[in-house]
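Below: one structure, written as structure tokens.
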Amino acid sequence: MAVLTVELCGRLADMAAAAAVTLDVAEDGLSIADVRGHLARTFPALTDAITSDKVRACVDEAIVDDRAIVRAGQAVAFFPPLSGG
Amino acid sequence: MAVVLATEPINPAILLAEAETQSNGAGALASFTGLARRAGKDGDTITALVLEHYRGLTLASMQAIAAAATARFALAHAHITHRSGRVLPGEAIVFVAATAPHRAAALDAVAYMMDRLKTEAVFWKYEETAGGKRWIEPTETDHARVTAWSL
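Chains as they are written, first to last, in the working numbering: chain A, 26 to 110; chain B, 393 to 543.
See the structure below:
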């Protein structure tokens, strides 16, 4: 098993009371859908947000869909709706 | 094209003067400066607006917006400077400028860049008040404005 670090951006960090979370992953990785499920189980307060399609996944600075596979060492982050300007 | 992610206070007057030097003989220069408010929607006092960004993706999202405006409105020059970090009331959050041969394109380009920055630039922001944090997300109006540009 190796460790995957997942960053929670914006209000997600407040909801989970953590800016980053680590989880164990097997060598063949996890899908983003699995990561969302893991986060929902670990942080019940995050469930509604993390399972919403308004919260997007980012891997190595690219937005990906829920089928994307992530492995240890990749930069994974979840983005709530963006708000610039 | 000048696109800057600033983590310290910015001076819109200096940025406007810089944009003017980049006019390349174009006849129109339009700009917009967004300032941090002193009062929230409920009238409560805001002590600061705090913006968070994400690695290189934030600057890349700003560059994509400036490039799209340059192509769409045939700009001579596009400028976006956006703050990240803690912005005090009255300080600038964002400065956008466009130079074009005529005013309509310059004015439209500034509105276009601002509308897209609101919903597509990779930032998250919250207001700091005596009662705590209040996360700010785009409104229905913000989404409608950006959708209107793609119609």
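Glycine included, C-beta positions come from ideal geometry on N, C-alpha and C. Bear in mind the structure is a predicted one, so any value in this text is a computation, not a measurement.
C-alpha distance - residue i paired with residue j, whole-angstrom precision
i: residue 489(B); j: residue 436(B); result: 31 Å
i: residue 484(B); j: residue 403(B); result: 7 Å
i: residue 540(B); j: residue 513(B); result: 17 Å
i: residue 432(B); j: residue 408(B); result: 28 Å
i: residue 37(A); j: residue 44(A); result: 8 Å
i: residue 472(B); j: residue 102(A); result: 25 Å
i: residue 105(A); j: residue 394(B); result: 27 Å
Residue i (DSSP reduced to helix, strand or coil)
i: residue 498(B); result: helix
i: residue 94(A); result: strand
i: residue 429(B); result: coil
i: residue 79(A); result: coil
i: residue 544(B); result: Residue 544(B) lies beyond the stretch modelled for chain B, which goes from 393 to 543, so this question has no answer here.
i: residue 41(A); result: helix
i: residue 434(B); result: coil
i: residue 514(B); result: coil
Proximity to residue i [Cα-Cα], best of the options
i: residue 110(A); options: 505(B), 409(B) and 417(B); result: 505(B)
i: residue 511(B); options: 426(B), 422(B), 476(B) and 530(B); result: 530(B)
i: residue 53(A); options: 104(A), 105(A), 107(A) and 99(A); result: 99(A)
i: residue 474(B); options: 423(B), 524(B), 509(B) and 520(B); result: 509(B)
i: residue 516(B); options: 462(B), 455(B), 445(B) and 460(B); result: 445(B)
i: residue 67(A); options: 96(A), 42(A), 108(A) and 78(A); result: 42(A)
Chain A contact for residue i (CB, 8 Å cutoff)
i: residue 528(B); result: yes
i: residue 474(B); result: yes
i: residue 510(B); result: yes
i: residue 519(B); result: no
i: residue 395(B); result: no
i: residue 525(B); result: yes
i: residue 430(B); result: no
i: residue 477(B); result: no
i: residue 447(B); result: yes
Below-8 Å beta-carbon distance, residue i vs any chain B residue
i: residue 96(A); result: no
i: residue 86(A); result: yes
Beta carbon proximity, residue i to chain E, threshold 8 Å
i: residue 107(A); result: Checking the listed chains, one finds no chain E in this structure; the protein chains it contains are A and B.
Exercise for the section: Note down, one range per segment and in chain order, each beta strand (DSSP E) of at least 3 residues found wholly within the region 446 to 500 of chain B. Expected result: 469 to 475, 477 to 479 and 484 to 492
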